[in-house]
Amino acid sequence: DPCPSGYRVPTRGEWDKLVSATKYSRIGNWSESSSNFSAAFVLTSKWNRNVMLSFPVTGDRNASNGGLEYRGGGTNYWTSTEDSNGNARTVHSNDAGSRVQGRNFGFPLRCVAQ
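With the working numbering applied, the sequence shown closes on residue 394, and no number is skipped along the way.
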């Protein structure tokens with residue numbers, strides 16, 4: 281587990297619960313550029329609009345060559361859940377929906393307290 285002691289990577293089910301309890305929105309400039317650090321998606325509580333989580337759109341590291349791609353235009357966040365083929369489940373920045381991805385991509389993750 282890449283998270284520090286007392287933390288872990290959330291499951292797909294936990295992400296799904298978070299997404300269903302929040303409203304999705306975007307902030308910043310959503311255009312792909314290696315120097316774009318302004319794009320993020322925000323999940324705002326449906327019950328208290330002052331409760332928000334922001335997820336930077338960092339892009340990823342290409343599975344073939346390790347190069348940076350899609351910064352400011354899209355990214356996936358890892359979950360700790362895998363599918364029946366051993367692929368990882370991720371949450372995509374474009375709609376906070378679930379995706380299946382090979383484990384050879386370099387995506388960000390968000391650790392949660394245990």
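By construction, the Cβ of each residue, glycine as well, lies at the ideal position given by its N, Cα and C atoms.
On a predicted model such as this, the values are computed, not experimentally measured, just so you know.
7 Å Cβ cutoff, residue i in contact with chain D
i: V392; result: Absent from the structure is chain D; it holds one protein chain and no more.
CA nearest to the CA of residue i, picked from the options
i: E294; options: A376, A319, N384; result: A376
i: A301; options: G339, V322, G347, D281; result: V322
i: E362; options: E349, L348, G347, R383; result: R383
i: R306; options: A368, F335, N316; result: F335
Residue i versus residue j - alpha carbon distance
i: G286; j: L389; result: 15 Å
i: A393; j: Y357; result: 17 Å
i: Q381; j: T370; result: 7 Å
i: L333; j: N345; result: 31 Å
i: L348; j: F387; result: 10 Å
i: C283; j: S360; result: 11 Å
i: R329; j: R341; result: 33 Å
i: F385; j: G366; result: 14 Å
i: S364; j: C391; result: 24 Å
Residue burial classification, residue i (beta-carbon count within 10 angstroms, cutoff 16)
i: W327; result: exposed
i: R351; result: buried
i: A343; result: exposed
i: G339; result: buried
Contact check, residue i vs residue j, beta carbons under 7 Å
i: V337; j: A320; result: yes
i: S373; j: G354; result: yes
i: K297; j: T324; result: no
Is it the case that the region 289–297 contacts the region 305–322, given that we only count it when at least three CB pairs across the two stretches are under 8 Å?
no
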